[in-house]
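These notes concern the structure reproduced below.
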Amino acid sequence: MEQRMKISSSPHIRDKESTGSIMRQVMVALLPAAFFGIYNFGMRALLITLLTIVCSIGWEAGYQKLLGRRITLRDGSAALTGLLLAMNLPPDVPFWLPVIGSFFAIIVVKQLFGGLGQNFMNPALGARCFLLISFTGHMTSFSYDAVTTATPLAELKTGGSVDVMSMALGTIPGTIGETCAVALILGGLFLMARGIIDYRIPISYLGTFAGLILLYALAAGRGLDVSFLLAHLFGGGLMLGAFFMATDYVTSPITPAGRIWFGILLGMLTFLFRVFGASAEGVSYAIIIGNLVVPLLERITIPKAFGKEA
Amino acid sequence: MSLLTFSGGIHPYDGKELSQNKEICDLLPKGDCVYPLSQHIGAPAKPLVKKGDPVLVGQKIAEADGFVSANIHSGISGRVKAVEPRMTVGGTRVLSIVIENDGQFDEVDFGQNIRPLDQLYREDVKELIREAGIVGMGGAGFPTHVKLSPKNEDAIDTIIVNGAECEPYLTSDYRRMLEDPEKIAAGLQIVMNLFDDTKGIIAIEDNKPEAIEQMTKITRNLPDITVQAVKTKYPQGAERQLIFANTGRKLNSSMLPADAGCIVHNIDTVVAIYHALIEGKPLYERIVTVTGDAVKDTANFRVRIGTNTRELIDAVGGFQVEQPEKIISGGPMMGKAMFSLDVPIVKGSSALLCLKEDDVSKEEPSACIRCGRCVAVCPGRVMPNKLADLAVHGDMETFVQYEGMECCECGCCSYVCPAKRHLTQVIAGTRKQVLANRKK
């Protein structure tokens with residue numbers, strides 16, 4: 014009868030949180046922004062979102078099936094990558110674009126490098142940047158209320174004026190999930206409160222970026238321009254990037270100090286790209302470049318063991 | 006004042022409500038008792054009896070072999086049935102003295118061991134502690150007289166009694182603090198008098214307010230002893246974490262508590278010191294918590310060391326289920342999974358935890374997602390994910406560079422890992438290998 018007692022090394026209890034439950038909570042945190050995107054841009058946004066998720070799941074399952082590997086859809090990471098990629102697509106892209114984008118994210122960036130946990134850059138952002146370069150027209154044409162228009166960030170870059178309130182609420186042109194800063198901040202707070210993401214990355218990222226923007230505004234003779242600052246914070250993909258992309262576990266440092274440096278680096282890169290770059294937006298490129306530096310950041314921030322600090 | 010604590014750690018379900026209100030009750034063994042000669046750190050004891058010899062309760066049946074070793078005393082009266090290898094909790098067969106129980110529990114004359122404390126030199130006290138076979142009763146089983154003989158005796162300024170009992174489910178120390186607080190205080194005073202100008206700290210997690218209240222009441226007139234509430238967090242009772250929380254002094258794995266001027270004792274160890282010096286009784290019994298969701302009833306038993314584990318299960322009415330998936334000797338974080346109940350209670354057995362379901366085998370380990378939870382909870386401030394990788398690849402050199410030897414195997418990393426990886430297990434395995442290689 015004692016044959017059936019289970020034997021294993023200690024510890025004998027495990028926390029309930031699993032990879033799947035973490036991914037599901039990130040998806041839940043994205044829902045307010047996603048629903049707002051659908052409300053803001055209409056049914057097409059919903060279709061693009063669903064298509065991207067389905068394609069991501071399909072590519073992952075297909076690849077694993079083809080190679081005879083264990084199908085790991087239950088960990089929710091493919092679905093989350095799909096949702097994140099959709100949040101980064103303009104609502105008017107043709108339907109074939111998410112198919113290609115999700116292929117790039119799941120197969121090229123993630124699976125070819127060894128699958129979950131092995132990719133060196135954020136799959137959704139890698140795909141976004143790939144699409145931006147390959148299909149620039151589709152990826153940069155934004156229409157709002159059936160009128161093709163520039164994003165507020167592009168307006169800002171060319172010296173135009175923007176309405177900070179509508180940028181906070183998200184009633185502006187942009188990609189499906191990036192416009193509503195309030196919803197994204199709520200989602201980020203939810204994830205921080207649940208202990209899913211570390212406050213260090215978003216805080217140091219946003220803090221560094223805000224500081225540099227203020228300094229720039231002062232240097233450019235704008236004075237202490239709060240609305241300029243808020244427009245930059247709420248505009249483009251910054252909130253989506255800071256709370257949902259930069260905090261991607263696989264492609265951000267694992268050490269507490271490394272996370273702070275990572276955030277500072279992203280803040281500086283985003284500032285440089287947005288203010289001095291050719292494009293109005295800079296978050297995606299800042300994050301994928303930051304991803305490449307992660308192994309170095311980790312190496313210089315190995316924590317000192319307890320009792321060995323001196 | 007903010008509560009004393011350390012960085013990292015976890016808050017698992019503590020299960021203490023299952024047994025914390027059960028008063029300590031005596032459980033005398035019905036069957037034979039088995040005494041493994043190695044139930045402490047150090048050299049196995051040498052048997053003093055042979056087959057057929059009569060034995061009394063409290064009789065020394067095996068003698069320490071060298072300084073780092075410990076005497077063993079019988080908990081029952083009867084006859085020696087055999088001196089042969091017997092199975093122990095760890096799964097190894099250890100040379101053991103088997104005593105046939107005559108059910109009489111005839112004792113040796115404990116009175117002859119008692120000597121007035123004020124007539125004893127410090128060395129005499131240590132000798133009496135050594136003679137009583139006392140070892141650390143939290144589980145590791147380090148001989149207490151060795152702990153009390155540090156190289157730099159003058160540096161010792163703090164004696165900490167570890168009443169944290171941070172392992173989930175365990176309630177034996179808690180019951181001791183409620184029921185025998187004066188013995189704890191007296192035992193601590195005996196230890197403090199072995200050194201000049203020491204202060205005593207009884208550290209208790211703040212989830213045990215009644216124990217804090219009780220101990221505070223008892224030590225009210227003892228100015229050198231403080232009862233210190235510490236934050237409830239596993240592993241608050243780990244030696245290095247407890248010393249840091251109470252004194253702010255940090256130790257790494259290659260240092261001893263004495264290097265921080267501290268000596269840390271488990272609650273039951275201090276009580277054993279009291280029994281040895283005041284009542285003349287050697288260490289032959291201890292408190293064992295029987296608990297978990299799979300037993301019919303829970304209990305805190307005062308058990309004779311050597312008792313067959315099955316007798317404890319029978320005493321609570323057996324199992325609720327036909328067969329619990331897992332039975333653990335000790336707590337769920339650092340205890341050992343048992344494959345047989347037919348093993349004896351030893352000096353370090355703190356609990357018998359019977360669980361209907363086993364968490365560990367429920368889920369397969371999957372890929373590391375680098376979430377960093379293991380790094381955040383590690384009280385040793387190392388990177389378990391990295392160490393586990395290096396361990397799997399057998400890269401011992403880099404493993405040591407990444408401070409793998411600083412791991413205390415507390416289990417926090419495995420507990421929090423969302424990918425259900427067996428981090429503690431692989432790290433512990435490699436640590437053993439590195440230590441073995443160093444000895445070569």
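From first to last, the protein sequence lines are chains A and B.
Numbering of the first sequence is given in our numbering, commencing with residue 14 and proceeding in unit increments.
Numbering of the second sequence is given in our numbering, commencing with residue 6 and proceeding in unit increments.
Ideal Cβ placement from N, Cα and C applies to all residues, glycine included.
{"Asked": "Assign glutamine 38 of chain A to one of two classes, buried (16 or more other C-beta atoms within 10 Å of its C-beta) or exposed (fewer than that).", "Found": "buried"}
{"Asked": "Which same chain residues, not among the five before or five after lysine 301 of chain B, have their C-beta less than 8 Å away from its C-beta?", "Found": "Val321, Gly322, Gly323, Phe324, Gln325"}
{"Asked": "Does the distance from the C-beta atom of arginine 84 of chain B to that of glutamate 105 of chain B stay below 8 Å?", "Found": "yes"}
{"Asked": "State yes or no: is the C-beta of isoleucine 102 of chain B within less than 8 Å of the C-beta of valine 62 of chain B?", "Found": "no"}
{"Asked": "Put cysteine 30 of chain B into one of helix, strand or coil per three-state DSSP.", "Found": "strand"}
{"Asked": "Around the Cβ of glutamate 170 of chain B, are there at least 16 other Cβ atoms within 10 angstroms (buried) or fewer (exposed)?", "Found": "buried"}
{"Asked": "For methionine 6 of chain B, which residues in the same chain have their Cβ closer than 7 Å to its Cβ, ignoring the five residues on either side in sequence?", "Found": "Confidence at methionine 6 of chain B is low in this model, with a pLDDT of 42, below 50, so its placement is unreliable and the value that follows should be read with caution. If we look at methionine 6 of chain B and ignore the five residues flanking it on each side, it has no Cβ neighbours."}
{"Asked": "According to a CB-to-CB cut-off of less than 9 Å, which residues of the region 322–347 of chain B neighbour chain A?", "Found": "Glu327, Gln328, Pro329, Glu330, Lys331, Ile332, Ile333, Gly335, Gly336, Pro337, Met338, Met339, Gly340, Lys341, Ala342, Met343, Phe344, Ser345, Leu346, Asp347"}
{"Asked": "Apart from the five residues just before and just after leucine 182 of chain A, which ones in its own chain have a Cβ nearer than 7 Å to its Cβ?", "Found": "Cys193, Val195"}
{"Asked": "Start and end of the alpha helix (DSSP H) containing arginine 245 of chain B?", "Found": "244–252"}
{"Asked": "Cα separation between arginine 272 of chain A and serine 297 of chain A?", "Found": "18 Å"}
{"Asked": "Can a CB atom of chain B be found closer than 8 Å to the CB of threonine 268 of chain A?", "Found": "yes"}
{"Asked": "Are the Cβ atoms of threonine 65 of chain A and leucine 93 of chain A separated by less than 8 Å?", "Found": "no"}
{"Asked": "Put arginine 497 of chain B into one of helix, strand or coil per three-state DSSP.", "Found": "Nothing can be reported for residue 497 of chain B, as the shown portion of chain B is limited to 6 through 445."}
{"Asked": "As a quick exercise: from B/Pro389, B/Asp347, B/Glu184, pick the residue whose alpha carbon is nearest that of leucine 428 of chain B.", "Found": "B/Pro389"}
{"Asked": "Going by beta carbon distance, what residues of the same chain come within less than 6 Å of glutamate 15 of chain A, once the five residues before and after it are set aside?", "Found": "The predicted position of glutamate 15 of chain A is uncertain, since its pLDDT is 48 and thus under 50; no value can be drawn from it."}
{"Asked": "At 4 residues or longer, what runs of the alpha helix (DSSP H) sit wholly inside the region 180–261 of chain B?", "Found": "186–197, 214–223, 244–252"}
{"Asked": "Rounded to a whole number of angstroms, what is the C-alpha to C-alpha distance between cysteine 446 of chain B and lysine 444 of chain B?", "Found": "Residue numbering for chain B in the displayed model covers 6 to 445; residue 446 of chain B lies beyond these limits and cannot be assessed."}
{"Asked": "Is there contact between the region 370–384 of chain B and the region 200–213 of chain B, where contact requires at least three CB pairs shorter than 8 Å?", "Found": "no"}
{"Asked": "Would you mind stating whether phenylalanine 256 of chain A and glycine 201 of chain A have Cβ atoms separated by less than 8 Å?", "Found": "yes"}
{"Asked": "Measure the CB-CB distance between phenylalanine 155 of chain A and leucine 305 of chain A and report whether it falls below 8 Å.", "Found": "no"}
{"Asked": "Under the assumption that serine 24 of chain B contacts histidine 45 of chain B (Cβ atoms under 8 Å), give the Cβ distance between them as a whole number of angstroms.", "Found": "Not confirmed; about 26 Å, so no contact."}
{"Asked": "What are the residues that DSSP puts in a beta bridge with alanine 342 of chain B?", "Found": "B/Ile333"}
{"Asked": "Distance, Cα to Cα, isoleucine 268 of chain B vs asparagine 167 of chain B?", "Found": "10 Å"}
{"Asked": "Pull up the distance between the alpha-carbon of tyrosine 407 of chain B and that of alanine 318 of chain A, whole angstroms please.", "Found": "9 Å"}
{"Asked": "If you draw a straight line from the C-alpha of aspartate 400 of chain B to the C-alpha of threonine 435 of chain B, how long is it?", "Found": "9 Å"}
{"Asked": "Could you tell me the distance, in whole angstroms, from the CA atom of serine 366 of chain B to the CA atom of glutamate 316 of chain B?", "Found": "28 Å"}
{"Asked": "Following the continuous beta strand (DSSP E) through serine 164 of chain B, name the residue where it begins and the one where it ends.", "Found": "Here residue 164 of chain B is isoleucine; the residue named in the question, serine, does not match the sequence. Its beta strand (DSSP E) spans residues 163–168."}
{"Asked": "Can you list, in chain order, the residues of its chain with a C-beta nearer than 7 Å to that of leucine 133 of chain B? Leave out the 5 residues immediately preceding and following it.", "Found": "Ala281, Leu282"}
{"Asked": "Under DSSP, the beta strand (DSSP E) around isoleucine 113 of chain A begins and ends at which residues?", "Found": "Segment 109–116 is the alpha helix (DSSP H) holding isoleucine 113 of chain A; no beta strand (DSSP E) there."}
{"Asked": "For the pair the region 64–82 of chain A and the region 18–27 of chain A, tell me if three or more CB-CB distances fall below 8 Å.", "Found": "no"}
{"Asked": "Does the region 307–314 of chain A touch the region 263–278 of chain B, meaning 3 or more C-beta pairs lie closer than 8 Å?", "Found": "no"}
{"Asked": "Let me know if glycine 96 of chain B comes out buried or exposed under the rule of 16 or more other beta-carbons within 10 Å of its beta-carbon.", "Found": "exposed"}
{"Asked": "Compute the distance between the beta-carbons of alanine 58 of chain A and threonine 164 of chain A, then report whether it is under 8 Å.", "Found": "no"}
{"Asked": "Alpha carbons only, please: which of A/Gly75, A/Trp274, A/Ile146, A/Ser34 is nearest the one belonging to leucine 110 of chain A?", "Found": "A/Ile146"}
{"Asked": "Under the three-state reduction of DSSP, which class applies to leucine 100 of chain B: helix, strand or coil?", "Found": "strand"}
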